[in-house]
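Under the working numbering, the first residue of the sequence shown carries the number 40, and numbering increases by one thereafter.
From the three backbone atoms N, C-alpha and C, an ideal C-beta is built for every residue, glycine too.
As the structure is a computational prediction, the values presented were derived from the model and not from experiment.
Everything below concerns the one structure shown next.
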Amino acid sequence: MDLAEEQTSGTHRGLPEAAATGGGVLLAVGPVTAFFTWWSWWTTVGIALTLAGVLWLVLAASVNTRRASRD
Numbered sequence: 040m041d042l043a044e045e046q047t048s049g050t051h052r053g054l055p056e057a058a059a060t061g062g063g064v065l066l067a068v069g070p071v072t073a074f075f076t077w078w079s080w081w082t083t084v085g086i087a088l089t090l091a092g093v094l095w096l097v098l099a100a101s102v103n104t105r106r107a108s109r110d
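Okay, here's the thing in structure tokens:
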């Protein structure tokens, strides 16, 4: 494996982990924000963060699946 392939494969392996971490953080922070600020505009923010986390994880999984099927 030459240097270019090694750098590409390292980036390929690192991306899903970073995406999963980001989505997981949003998914964890959203419900907590919504729960502790019940029925305020922060509740809407918490729900939006939760939905963003779910969307982030779904998109990261679909990108990872497409890349795995190409390899």
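{"Asked": "Does the beta-carbon distance from L65 to A100 come in below 8 Å?", "Found": "no"}
{"Asked": "How long is the line joining the alpha carbons of A67 and T89, rounded to whole angstroms?", "Found": "7 Å"}
{"Asked": "A58 to V71, Cα distance in whole Å?", "Found": "20 Å"}
{"Asked": "Please work out which residues of its chain come closer than 6 Å, Cβ to Cβ, to L42, disregarding the five sequence neighbours upstream and downstream, and give them in chain order.", "Found": "Because L42 carries a pLDDT of 44, less than 50, the predicted location of this residue cannot be relied on, and the following value inherits that uncertainty. Excluding positions up to five away in sequence, the list is empty."}
{"Asked": "From the DSSP output, in three-state form, read off S101 for me.", "Found": "helix"}
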